[in-house]
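Asks:
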Amino acid sequence: MSYLPFARVSIDEETIVGVCQVLRSGWIASGPHVAKFEAALSAYLSNRTVRTVTSGTAALELALLAANIGPGDEVIVPAMSFAASANVVLRVGATPVFVDVELRSRNLDLDRTEAAITPRTRAIMPVHFAGRPVDMDRLLRLARGRAIRVIEDAAHAIGAAWRGRRIGSFGDMTCFSFHPNKNMTTIEGGAVVLDSPDESRYLEIARFHGIERDADDNVDVTLAGGKYNLSDVSARIGLGQLAQLDAFCERRRALAETYFEELSIDPPGVLQERGDAGHCWNMFTLLLPFAKLDLTRPQFLQAMAKRGIGVGVHYPSLPGLTVFRRLGYSENDYPNAARIGHETVTLPLFPTMTDDDVHRVCRELRAVLANRT
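Spelled out as structure tokens, the structure:
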């Protein structure tokens, strides 16, 4: 019985050959392929400025810094996401303000978001969970009317679209992740997409030690930057992945639809919201009522693993994590995020899966829930 992981990267032979060519070129750190990759991403995203970095987390942190957000400022983030969504706010010295999410979309509840705004709110950082975009029209109206920045955590959403416009092709600032479990990868990597020349210049300098050079190539350091520059090896992988991104997303949508066909008739728990054709389906998650099933989530994960199915957990409730409980947060104040955190499981979803793989996952899922083993 073959093992089916919940995520698997797809890298074609042409890309592998291209990486070998980069390695043989002798220029493997940031160089011509990074420039090509940024240009290709820019073209994909309506010619907006793109600055690549070493991770989606780095993209979020640098975006906050570029927006001059720091001590004394508040940043609204969803109460259910990966820890990086709120960690970066703490790292720049600002205060994360959690807002509960919608149960099925897993996205920020915008009614609660509006209620959470205070005079100290400087930014809202929505997460397009699993590639289903937040209502960007409403969010941008809400923010622009109050001079609040919108920094999109689009780690799941490369290839997604809101009402026909690609996520990242409009708006304020958008941050992508190219981790191997995302819809396209550079192994590790990320990008910030933006319009402001000043903020773009800040990112350019801050991602490489704060170094600037004059016309005679003399080096100066004008700010305390970090080391976040992408390598040419990663950029070459990104070029190959970007060329296939739309096909990857199309296949993910088809697999998600097969899951819905299998699970919607007699749903074992709460399914994700379908969304529309703009949903790029980075993940397929399901809420299972473990307390009612007389089954723990670790027992479920172990039972599925024994049957050759890898299942992930995305994500815990952020206010329930120790670092945020120390700040006085409690997951009890965010009931949807808390429920998702306790009940969520992530089923396999990646482009090389077959429809039969989906049927197998659902068959084994039902067997485990029926047999509790």
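Convert by adding 31 to the 1-based position in the sequence shown; the result is the number in our numbering.
In this text, a Cβ means the ideal position worked out from N, Cα and C, and glycines have one as well.
#1: Skipping 5 residues on each side, what residues in its chain have a beta carbon closer than 7 Å to that of L171?
#2: Can you list, in chain order, the residues of its chain with a C-beta nearer than 8 Å to that of D43? Leave out the 5 residues immediately preceding and following it.
#3: Return helix, strand or coil for I47, following the three-state DSSP convention.
#4: Anyone know if the C-beta pair for G9 and V250 falls short of 8 Å?
#5: With respect to the alpha helix (DSSP H) encompassing P63, which residues constitute its N-terminal and C-terminal limits?
#6: Run the CB neighbour count on E183, radius 10 Å, all protein chains shown included, and call it buried at 16 or more, exposed below.
#7: Taking A266 and H64 to be in contact with their CB atoms under 8 Å, please state how far apart those CB atoms are, rounded to whole angstroms.
#8: What do you reckon, are the CB atoms on G300 and L319 nearer than 8 Å?
#9: Take F321 as the anchor and find which of F315, M314, P329 has the nearest alpha-carbon.
#10: Measuring straight from C-alpha to C-alpha, what distance separates V392 and V40?
#11: Mapping the DSSP letters down to three states, classify P164 as helix, strand or coil.
#12: Where does the unbroken beta strand (DSSP E) through C311 begin, and where does it stop?
#13: Run the CB neighbour count on Y34, radius 10 Å, all protein chains shown included, and call it buried at 16 or more, exposed below.
#14: Per DSSP, what kind of secondary structure is L302 in: helix, strand or coil?
#15: Under 8 Å between the Cβ atoms of H310 and A191?
#16: Could you check whether M156 and V224 sit closer than 8 Å to each other, using their CB atoms as the reference points?
#17: Got a sec? Which residues, its chain only, sit under 7 Å from V53 by beta carbon, not counting five neighbours each side?
#18: Could you pull the DSSP bridge partners for S200 from this structure?
#19: Quick one: grab the DSSP three-state call for T205.
#20: Go ahead and label K337 buried or exposed: buried means 16 or more other beta carbons lie within 10 angstroms of its beta carbon, across all protein chains shown.
#21: Output the distance between the C-alpha atoms of G124 and G351, rounded to the nearest integer angstrom.
#22: Can you say whether S348 is buried or exposed, counting buried as having 16 or more other CB atoms within 10 angstroms of its CB?
#23: Would you report the Cα separation of A147 and D388, rounded to the nearest angstrom?
#24: On the premise that R238 lies in contact with L326, defined as a C-beta separation below 8 Å, what is that separation, rounded to the nearest angstrom?
#25: Taking the beta strand (DSSP E) that P366 falls in, what are its first and last residues?
#26: Check the C-beta distance from M167 over to R137 and give it rounded, since I have them as a contact under 8 Å.
#27: Assuming F315 and Y290 form a contact by the criterion Cβ under 8 Å, report the distance between their Cβ atoms to the nearest whole angstrom.
#28: Apart from the five residues on each side of it in sequence, which residues of its chain come closer than 6 Å, Cβ to Cβ, to A287?
#29: Grouping DSSP H, G and I as helix and E and B as strand, with all else coil, what is P150?
#30: Do A90 and Y233 have their C-beta atoms within less than 8 Å of each other?
#31: To the nearest angstrom, how far is the alpha carbon of K395 from that of E293?
#32: Inspect the beta-carbon positions of R405 and P382 and report whether they are closer than 8 Å.
#33: What is the residue span of the alpha helix (DSSP H) that R232 lies within?
#34: Under a three-way DSSP split, which group does S56 fall into?
Replies: Quick answer:
#1: V181, G202
#2: Excluding residues within five positions, the ones whose Cβ falls inside 8 Å are G271, Q275.
#3: DSSP places I47 within a helical segment (H, G or I) once states are collapsed to three.
#4: Look at the range of the chain in this structure, 32 to 404, and you will see that residue 9 is not part of it.
#5: 63 to 75
#6: buried
#7: Indeed they touch by this definition, with Cβ atoms about 4 Å apart.
#8: yes
#9: P329
#10: 19 Å
#11: coil
#12: Where C311 is concerned, there is no enclosing beta strand (DSSP E), given that its DSSP letter is neither H nor E.
#13: exposed
#14: strand
#15: For the 8 Å CB-CB criterion, H310 and A191 form a contact.
#16: no
#17: I59, H64, D263, V264, R267
#18: The partner list for S200 (beta bridge, DSSP) is empty, contrary to what the question assumes.
#19: strand
#20: exposed
#21: 20 Å
#22: With 16 or more other Cβ atoms from the protein chains shown falling within 10 Å of its own Cβ, S348 counts as buried.
#23: Their Cα atoms are separated by approximately 43 Å.
#24: Going by Cβ atoms, the distance from L326 to R238 rounds to 46 Å, so no, they are not a contact pair.
#25: Segment 366 to 374 is the alpha helix (DSSP H) holding P366; no beta strand (DSSP E) there.
#26: Not a contact, Cβ separation roughly 16 Å.
#27: 5 Å
#28: Taken in chain order, the residues that qualify are W312, F315.
#29: coil
#30: no
#31: Just to set this straight, residue 395 is Glu in the shown sequence, not Lys. Their Cα atoms are separated by approximately 12 Å.
#32: No information on residue 405 is available, as it lies outside the stretch 32 to 404 that the chain covers here.
#33: 228 to 237
#34: S56 falls in the helix class under three-state DSSP.
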